[in-house]
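Sequential numbering of the sequence shown, starting at 1217, is according to our numbering. We treat Cβ as the ideally placed atom computed from N, Cα and C, and that holds for glycine. Keep in mind that this is a model prediction, so the values were computed, not measured.
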Amino acid sequence: AIRRLPYKVLWKTKSDFVKLPGKIFTSEWIPQQDVLAHPNVVLFVTHGGMLSQHEVIYAGVPVICIPFIGDQPKNAKFYESKEIGVKINFKELSEDTFYSAVTRVLSSPKYKNNMARLSRIYRD
């Protein structure tokens, strides 16, 4: 799905992938707050942990959440209820569902606008 998208991707992973497209950069460690604060960041894909939720709202970046356990499903519902992101159920994750979620969030200004509004409230 990432190959079909016109975006560069920064992916935190411990896996060593073979032959990823040149627009995908991987690292075992990424300074998440610094990355989220960068003006070129337009979307954050996360499992939906609480710390990431605070960081992404502070930064004002729309979200795609793929929850697994614990508080993550509840946080994913929060993203959807505030229209600041969308959830993909892990069991339904595929190239098409991921591509659809990315294009949905990035093609509709409501996610960015709602997140910017929530970020202003959060920072106040």
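Pick from the options that is closest to residue i, judged by C-alpha positions
{"i": "Val1302", "options": "Ala1253, Leu1226, Thr1262", "result": "Thr1262"}
{"i": "Thr1242", "options": "Asn1305, Glu1299, Val1251, Lys1230", "result": "Lys1230"}
Pairwise C-alpha distance: residue j and residue i
{"i": "Leu1340", "j": "Val1272", "result": "For the sequence presented, residue 1340 should be read as Asp rather than Leu. Between Asp1340 and Val1272, the C-alpha separation is close to 15 angstroms."}
{"i": "Tyr1295", "j": "Trp1245", "result": "25 angstroms"}
{"i": "Gly1238", "j": "Glu1311", "result": "19 angstroms"}
{"i": "Glu1308", "j": "Ile1337", "result": "33 angstroms"}
{"i": "Ile1304", "j": "Asp1287", "result": "15 angstroms"}
{"i": "Ser1335", "j": "Ala1275", "result": "7 angstroms"}
For residue i: DSSP bridge partner residues
{"i": "Ser1243", "result": "Lys1228"}
{"i": "Gly1301", "result": "Val1279"}
{"i": "Phe1284", "result": "Beta-bridge pairing links Phe1284 to no other residue."}
{"i": "Thr1262", "result": "Cys1281"}
Residue i CB to nearest heavy atom of the ligand PLP below 7 angstroms
{"i": "Ile1280", "result": "Within the structure as shown, the ligand PLP is missing, as the structure has no ligands at all."}
Within 8 angstroms, strictly: CB atoms of residue i and residue j
{"i": "Val1318", "j": "Ile1300", "result": "no"}
{"i": "Leu1259", "j": "Leu1322", "result": "yes"}
{"i": "Asn1330", "j": "Lys1298", "result": "yes"}
Same chain only: Cβ atoms within 7 angstroms of residue i, ignoring 5 sequence neighbours per side
{"i": "Ile1240", "result": "Ile1218, Val1225, Trp1227"}
{"i": "Thr1313", "result": "Ile1304"}
{"i": "Gln1269", "result": "Asn1291"}
Close beta carbons around residue i, own chain, < 6 angstroms, minus the five adjacent residues each side
{"i": "Gly1264", "result": "Cys1281, Pro1283, Gln1288, Asn1291, Ala1292"}
Beta-carbon contacts of residue i that lie in its chain and below 8 angstroms, excluding the five residues immediately before and after
{"i": "Val1257", "result": "Val1251, Ala1275, Val1277"}
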